[in-house]
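So the protein lines, in turn, are chains A and B. Start counting the first sequence at 1; every next residue gets the next number (this note's numbering). Start counting the second sequence at 457; every next residue gets the next number (this note's numbering).
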Amino acid sequence: MSTQYKNHPSGAKAFNKNPERVSWHDKALWFVREKRDKATHGIPEWEELREIASQIKAHTLSHLDKYLLQFEEQAKANGIHVHWAKDAKEHNEIVLSILQKHNVKNVVKSKSMLTEECGLNPHLNKYDIDVVDTDLGERIVQLAKEHPSHIVLPAIHKKKEEVGELFHEHLNTEKGATDPTYLTRAAREHLRDKFLKADAAITGVNFAVAESGGFVVCTNEGNVDMGANLAPVHIACMGIEKVIPKVEHLGIFLRLLARSATGQAITTYSSHFHKPKDGKEMHIVLVDNGRSEQLGRDDFRKSLNCIRCGACMNTCPIYRRSGGHSYTYTIPGPIGSILSPGKDLKKHSSLPFASTLCGSCSDVCPVKIDIHTQLYKWRQIIMEETNYDPAKKMSMKMAGKAMGNPKLFKMITKVGNTFLKGPRVLIYNPLNTWGLKRELPVPTQTFDDWYKKNNS
Amino acid sequence: MEIGLFIPCYINQFYPEVAKATLKLLQKYGNVTYPLSQTCCGQPMANSGCEKDGVEALKVFYDNFKDFDYVVGPSASCVLHVREHGAHLYPIMEPMIDKVFDLTEFIYDVMKEKELQAEFPHKVAIHKSCHGLRGMRLGQCSERVTCDVSKQDVLVKQVSGVTLIQPKRADECCGFGGTFSVSEPDISVRMGTDRLKDYIESGAEYITSGDMSCLMHLDGIIQREKLPIKVIHLAEILAAEVKSTTTDKEKAYVNAV
Chain A
1 MSTQYKNHPS GAKAFNKNPE RVSWHDKALW FVREKRDKAT HGIPEWEELR
51 EIASQIKAHT LSHLDKYLLQ FEEQAKANGI HVHWAKDAKE HNEIVLSILQ
101 KHNVKNVVKS KSMLTEECGL NPHLNKYDID VVDTDLGERI VQLAKEHPSH
151 IVLPAIHKKK EEVGELFHEH LNTEKGATDP TYLTRAAREH LRDKFLKADA
201 AITGVNFAVA ESGGFVVCTN EGNVDMGANL APVHIACMGI EKVIPKVEHL
251 GIFLRLLARS ATGQAITTYS SHFHKPKDGK EMHIVLVDNG RSEQLGRDDF
301 RKSLNCIRCG ACMNTCPIYR RSGGHSYTYT IPGPIGSILS PGKDLKKHSS
351 LPFASTLCGS CSDVCPVKID IHTQLYKWRQ IIMEETNYDP AKKMSMKMAG
401 KAMGNPKLFK MITKVGNTFL KGPRVLIYNP LNTWGLKREL PVPTQTFDDW
451 YKKNNS
Chain B
457 MEIGLFIPCY INQFYPEVAK ATLKLLQKYG NVTYPLSQTC CGQPMANSGC
507 EKDGVEALKV FYDNFKDFDY VVGPSASCVL HVREHGAHLY PIMEPMIDKV
557 FDLTEFIYDV MKEKELQAEF PHKVAIHKSC HGLRGMRLGQ CSERVTCDVS
607 KQDVLVKQVS GVTLIQPKRA DECCGFGGTF SVSEPDISVR MGTDRLKDYI
657 ESGAEYITSG DMSCLMHLDG IIQREKLPIK VIHLAEILAA EVKSTTTDKE
707 KAYVNAV
């Protein structure tokens, strides 16, 4: 499995040991961000769409119980089995029990960050069920025994040379092959075989529609359709925040999702599922796993607007330069940094600080989540409720006191000023992280002193 | 009009020229006073997750500035902190929040300046500081499909001799981020280095900004790496003395050619 870093700075440091890789990663994601810009600037009403989407989400979240029950009722009427899971454990047990009931040994799964969040694969493996991730990027990270580093582009951290090596080892492609078309064809052939042999298909859900009881899954590879249409059992797993009230709302969300995620006008496949085919079974697992708790947090409720487009990752200057694996949570980047503290405040305490609060994430977000404001708010909670960075806590307390006392403050800054005029070896000591790769400003006559001389 | 001059603590300590330029600019519009017992806005505490530790600083800010018609400072970041968090951290200051302005906003929106008398014959790239750009909407953000006026561009264009340079990435963060710069030094420096490369490659001689903190971080890298570019605060450009003796008539002729 990929290395689990104890906090973001250590993951970021590791990633930055290879500056060329950082450049490459930054450019690859910036390319996607620019594609997104081009696509959105072609829609004059883009900001209006964002606003409507945000309002639909706000409305839905404040009536979530009603829409979930309506969805369940409609889905059941369509002949879909509906299950409720309060947490990851229940979700995994439900999926396992369905699979065991059908004696399933081979599962094809299409990209679902929810099953990643719940740790479904290792759970099923324990019961001798083989799960193959069929999204190309997901398959790459699965073969490499890693986790996705991005929610839309799970293998964005892998270079084509590394993919070539991996495929040579697992899929018998030619040694040293790096041609993406060649490698993709090999993967397709390998996956075709898995699709044909599968006893069940597991998919994620992008949007579940309350009024119709149907759901939509968006992919560019058609792997959802291959899996769900071939296998006798289809299990769709969704977080409870994925429900929207009406079919017509899809017109808003599908336009926003594809453009924000990859700069496409629409994903290649927007597959609508309404009921099982004759002789087949369809299941939906509705998963809470901390979502209703987040719904109860006024300051952070809006994070449940997320439609998992990944635009905040592509735009984040920190994510682009630290890689998805530097984050301690399944969902990396800015959105992961506001979702994760609610799950485990201590474990993920470094994530809300992995930001300059530049606000690009909030402006790029198609459903207007105030991401950087939430990062700021999580910081306050972390410093108050955990023992994160006690040195910072102490120094802020002292600095705050000094700033409340002008005389003391002026005295301290004078001392600091004198220190900075002192010997370089003292100033640029190893504890001075500013000075590792940067010069400090050179002290001079303060404005205070100049003003006193010239204006009093 | 009584204007209170708010000078962020680090500008007072390290960049007195920025404060002098701000004072000079504001004196055109009213009677400017610099209260000597001001300290800091408390933003470092707040962004570090210790906003309550910054309340004392806000009290001092309030005591110093409450009686002015306007409070103006050459830092979007510090002003934004006062505006966004002042009222909830120190409720008594709520009525004064709307009087606190960043220098660009004050000159552009309040004074509606059309004719700055300044000269700066150089190639200049404007570093759109995030708090100014996305926090205060001082300009068009590259993420949004809007038609916002880039106020700093408009003001800089009033300065004679300036050639505005556009970098490839219009508004990417420099990586300063307050305590982020020391808690995540690897990423912070890398972000700054990347911005500098973009500005240098675009042919700028100077990087200017409404926020000296971004420039302090960028200059730290410039000085260490001895890079061929300089930083200068926007106030210094807007207040730069007219040196050339070219008459208006000649200027018009040059422009026409």
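For glycine and all other residues, C-beta sits at the position ideal for the given N, C-alpha and C.
Minimum Cβ-Cβ distance from residue i to chain B less than 9 Å
i	result
H380(A)	Going by the sequence as given, residue 380(A) is Gln instead of His. Output row for Q380(A): interface = yes.
M411(A)	no
S54(A)	no
V425(A)	no
N351(A)	Per the sequence shown, residue 351(A) should be read as Leu rather than Asn. No, because no Cβ of chain B sits closer than 9 Å to the Cβ of L351(A).
K393(A)	yes
V364(A)	yes
V209(A)	no
M1(A)	In this prediction, M1(A) scores a pLDDT of 46, lower than 50, which makes its location untrustworthy; the coordinate-derived value is nonetheless stated afterwards. Chain B contact via Cβ: absent.
W434(A)	yes
C218(A)	no
Proximity to residue i [Cα-Cα], best of the options
i	options	result
K66(A)	E47(A), K246(A), N125(A), P232(A)	K246(A)
V580(B)	R539(B), D609(B), A660(B)	A660(B)
L339(A)	I318(A), T446(A), D370(A)	D370(A)
M668(B)	D627(B), S585(B), H544(B), K653(B)	S585(B)
G227(A)	K194(A), W24(A), A210(A)	K194(A)
P547(B)	A477(B), L620(B), V511(B)	V511(B)
S212(A)	N7(A), N16(A), G79(A)	G79(A)
Y564(B)	H673(B), L481(B), V516(B)	L481(B)
For residue i: DSSP bridge partner residues
i	result
I235(A)	I202(A), H283(A)
L430(B)	Only positions 457 to 713 of chain B appear in this structure, which leaves residue 430(B) out of reach.
K452(A)	Per DSSP, none; premise fails for K452(A).
I409(B)	The structure shown does not extend to residue 409(B), since chain B spans only 457 to 713, so no value can be given for it.
K109(A)	D133(A), I202(A)
A85(A)	V287(A)
V488(B)	I459(B)
S616(B)	E575(B)
F15(A)	According to DSSP, F15(A) bridges with nothing at all.
Close beta carbons around residue i, own chain, < 8 Å, minus the five adjacent residues each side
i	result
Y451(A)	none
I381(A)	P341, L345
Q622(B)	A581, S658
D128(A)	K105
I266(A)	L254, R255, A258
R321(A)	A12, F15, N16, V22, H25, D26
R33(A)	A311, N314, T315, V364
Cβ of residue i within 9 Å of any chain A Cβ
i	result
G633(B)	yes
N468(B)	yes
A543(B)	no
H689(B)	no
D667(B)	no
N487(B)	no
V713(B)	With a pLDDT of 46 at V713(B), under the threshold of 50, the predicted position of this residue should be treated as unreliable, though the coordinate-derived value follows. Not an interface residue.
H673(B)	yes
L683(B)	no
Residues near residue i by beta carbon distance below 7 Å, same chain, minus five either side
i	result
N503(B)	G634, T635
H348(A)	T328, Y329, S340, P341
M647(B)	C629, C630, G631
DSSP three-state assignment for residue i, whether helix, strand or coil
i	result
S270(A)	strand
Y5(A)	coil
K682(B)	coil
S10(A)	helix
E697(B)	coil
Y655(B)	helix
F632(B)	coil
D65(A)	helix
F215(A)	strand
E165(A)	helix
F521(B)	helix
Y388(A)	coil
P472(B)	helix
Y466(B)	helix
F71(A)	helix
D558(B)	strand
F253(A)	helix
Sequence-distant residues of its chain with Cβ nearer than 6 Å to residue i (five each side left out)
i	result
G435(A)	Y428
Y518(B)	M549
Within-9 Å CB hit, residue i to chain E
i	result
A532(B)	Of the protein chains in the structure, A and B, none is chain E.
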